[in-house]
Amino acid sequence: MDNRAPLPLSRRTFLIVGVVTATAMVLPPFISAKACAANAAQPIKSAVSLSVNGEQRTLDLDTRTTLLDALREHLQLTGTKKGCDHGQCGACTVIVDGRRINACLTLAVMHDGAKVTTIEGLGTPEKLHPMQAAFIKHDGYQCGYCTPGQICSAVAVLEEIRAGIPSHASASLTDSPRLIASELQERMSGNICRCGAYSNIIEAITEVAEANV
Ligand code: FES
Ligand code: FES
């Protein structure tokens, strides 16, 4: 009879065995790194038609292209900014069919036939949108990087409030939302400003809301 105790596994051996076992469980044997690379090198393309700032545009895009990259890299509309590219900062906010969205979090092919408005479509240097003019008047920016997204978001926020859509900060789900700072702050909370121009941004939005333009 063998009374010897089993040899203890060293920590290093234990870790190596664990990693090898986990890899074998996760990766089917027929998927090699080479095969993955080959697939990635052959993009699937698709035609995408968008109405961008009132102009009909058709693009032949890799289906993995985000709406943000379609606007910036394919249509050269660089007013829409890429901040985090992860849906966390709001710098890429554009208006699609009347609703604001983070363009970095959505694929362009998902919006075939949609109407997209970017900061370039809201106003021009000669004829500013009232929200653009209010941001300038109230000094609602410093470096300006977040500003296009802030302005697109603010324009959509006023539409939401006028349409009676409540927010998390609304006191009632059925009464019209009130045009107060806490309501605007809640609705604009997805747009981050590293320069901290928040109070001036709220003043700018409030002015446009009260002017009802
Ligand atoms: Fe899209 Fe930050 S770049 S949310
Ligand atoms: Fe600089 Fe907002 S103005 S990040």
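Per full-length UniProt numbering, the very first residue in the sequence shown carries number 1; after that it's consecutive.
Backbone N, C-alpha and C fix where the C-beta goes; we use that ideal spot for every residue, glycine too.
These are the residues, in chain order, with a beta carbon less than 6 Å from any non-hydrogen atom of ligand 2: Tyr141, Gln142, Cys143, Gly144, Tyr145, Cys146, Thr147, Cys193, Arg194, Cys195, Ala197. Remark: the shortest separation between the CB of Gln88 and any heavy atom of ligand 1 falls under 7 Å. A straight line joining the alpha-carbon of Glu160 with that of Arg99 spans about 9 Å. Between the alpha carbons of Cys92 and Ser172 lies a gap of roughly 30 Å. Judged by DSSP secondary structure, Ile205 falls within the alpha helix (DSSP H) whose first and last residues are 198-211. Per DSSP, the unbroken beta strand (DSSP E) holding Thr93 starts and ends at 93-96.
For Ala156, the distance from the CB to the nearest heavy atom of ligand 1 is not below 7 Å. Between Leu67 and His111 a beta carbon distance of about 6 Å is seen, short of the 8 Å cut, so the two are scored as contacting.
For Thr58, there is no enclosing alpha helix (DSSP H); the residue is found in the beta strand (DSSP E) stretching over 55-62. With contacts defined as CB atoms closer than 8 Å, Thr63 and Ser49 fail to qualify as a contacting pair. Contact between the stretch 118-129 and the stretch 188-195 is not established, with fewer than three Cβ pairs separated by less than 8 Å. Residue side-chain check: Gly98 keeps its Cβ at 7 Å or more from all non-hydrogen atoms of ligand 1. Contact between Leu71 and Ala103 holds: CB atoms are separated by about 6 Å, below the 8 Å threshold.
Counting only runs of 4 or more residues that sit fully inside the stretch 109-190, the alpha helix (DSSP H) segments are 119-122, 130-137, 147-162, 181-187, in chain order.
Using a Cβ distance threshold of 8 Å, Ala204 and Gly149 do not count as a contacting pair. Its Cα nearest to that of Tyr145, the residue Lys81 stands out among Leu179, Pro177, Lys81. Distance check between Val52 and each of Ile201, Thr65, Gly121 places Gly121 closest, using alpha-carbon atoms only. Ala181 is the residue among Asn212, Glu210, Ala181 whose C-alpha sits nearest the C-alpha of Asn200. Pairing Ala154 with Arg178, the inter-Cα distance amounts to about 15 Å. Short of 6 Å from the beta carbon of Val157, and not among the five residues preceding or following it, lie these beta carbons of its own chain, in chain order: Arg187.
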